[in-house]
Amino acid sequence: MEGSIIGFKRLANHSWFDFSGVFAISHTTVENYKQSAAIQTLMTRVKYNVTGGLTGLDDHACARLIYNTKLSNKLAYGKLYALKGFLVGAKRHEMPFFMCDIDGKHEVPENYPKQDIQIRSLGRVDKPLSDLDNQRHESTISVVVRHDGVNEDDEEDQSILVEYVVPWNNSAKTFSKAFTVGRQVSFCGTLGGWSRRLDMMSVKVTSGYLHDGQVGK
Numbered sequence: 302m303e304g305s306i307i308g309f310k311r312l313a314n315h316s317w318f319d320f321s322g323v324f325a326i327s328h329t330t331v332e333n334y335k336q337s338a339a340i341q342t343l344m345t346r347v348k349y350n351v352t353g354g355l356t357g358l359d360d361h362a363c364a365r366l367i368y369n370t371k372l373s374n375k376l377a378y379g380k381l382y383a384l385k386g387f388l389v390g391a392k393r394h395e396m397p398f399f400m401c402d403i404d405g406k407h408e409v410p411e412n413y414p415k416q417d418i419q420i421r422s423l424g425r426v427d428k429p430l431s432d433l434d435n436q437r438h439e440s441t442i443s444v445v446v447r448h449d450g451v452n453e454d455d456e457e458d459q460s461i462l463v464e465y466v467v468p469w470n471n472s473a474k475t476f477s478k479a480f481t482v483g484r485q486v487s488f489c490g491t492l493g494g495w496s497r498r499l500d501m502m503s504v505k506v507t508s509g510y511l512h513d514g515q516v517g518k
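In terms of the numbering used here, the sequence shown opens at residue 302 and continues consecutively.
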């Protein structure tokens with residue numbers, strides 16, 4: 302694939318989806334409040350930046366962060382924090398759910414330069430989207446990737462679908478041959494918001510790899 306940002310290498314046979322970046326904090330709720338417990342499971346609604354704006358008029362850039370801490374240590378409303386963690390769900394409330402460890406949180410000033418949320422992930426191709434489904438710029442094409450077992454404790458979230466928008470200057474036929482259903486793929490990129498049309502999270506790909514069992518032998 303000359304000129305492509307997609308390479309080939311042997312990939313591990315499992316799934317993950319990690320994130321890092323700055324979020325704007327909204328309201329926080331307590332999940333399953335335990336009166337006698339010092340540590341509570343909290344859920345905080347957040348917003349994040351998407352450079353270039355969202356694709357659809359009804360799309361949004363909201364997420365929910367889940368974390369365990371004392372109530373006095375919760376993420377403060379109206380603040381900006383640099384955080385990192387991993388995806389645990391993307392089915393409820395039409396937005397992704399991220400688990401994070403806020404012990405490593407870092408508050409940033411309001412005038413902090415806007416930056417997109419960085420992601421690194423590994424999963425399997427669920428389906429390449431057709432040209433009619435894609436409806437994007439000619440130099441990109443989309444593929445839906447399935448992340449299985451990201452949250453092994455939640456049966457409803459064992460399988461998470463994510464749209465990846467891949468820069469692609471070759472033909473759609475070449476794309477469909479490369480991104481075959483079930484093939485392991487690894488991507489780096491940025492969060493692109495929640496697609497209402499597809500009912501899933503979108504990622505703008507900056508680089509990636511397709512599994513090739515012959516590489517490294």
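Don't be surprised by glycine CBs; every beta carbon is placed ideally from N, CA and C. In this text the structure is predicted, and so the values were computed from the model without any measurement.
For a cut-off of 8 Å, the C-beta gap from C489 to T475 is around 21 Å, too long to register as a contact. Beyond the five residues adjoining it in sequence on each side, T329 comes within less than 6 Å, by CB distance, of L343, T345 and K375 in the same chain, given in chain order.
Using a 10 angstroms sphere on the CB of P397, the tally of other CB atoms reaches 16 or more, which defines it as buried.
Rounded to whole angstroms, A479 and L511 show a C-alpha spacing of 8 Å. Nearest neighbour of K505 by Cα position, chosen from R425, I418 and H407, turns out to be I418.
The shortest C-alpha to C-alpha distance from L312 to any of Q485, V351 and V467 is the one to Q485.
Counting of Cβ neighbours within 10 angstroms places R498 among the exposed residues, the total staying below 16.
Between K428 and V482, the gap from beta carbon to beta carbon is short of 8 Å.
Closest in alpha carbon position to D359, among E332, S496, G390 and L462, is S496. L423 is positioned such that its CB atom lies no closer than 8 Å to that of V445.
Using a 10 angstroms sphere on the CB of E408, the tally of other CB atoms stays under 16, which defines it as exposed. Distance between A383 and N412, taken at the CA atoms: about 14 Å.
Fully enclosed alpha helix (DSSP H) runs of no fewer than 4 residues are not present anywhere in the region 332–382.
DSSP places S496 within a strand segment (E or B) once states are collapsed to three.
Secondary structure of S316 (DSSP, three-state): coil. CA-to-CA, the gap between V389 and A339 works out to about 24 Å.
By the beta-carbon neighbour count (other beta carbons within 10 angstroms, threshold 16), V331 is exposed.
If you draw a straight line from the Cα of E395 to the Cα of G494, it comes to about 11 Å.
In the DSSP assignment, T441 falls within the unbroken beta strand (DSSP E) covering T441 to D449. By the neighbour-count criterion, in which 16 or more other beta carbons inside 10 Å mark a residue as buried, A364 falls on the buried side. The DSSP-derived three-state label of F480 is coil. Rounded to the nearest whole angstrom, the CA to CA distance from K335 to Q341 is 7 Å.
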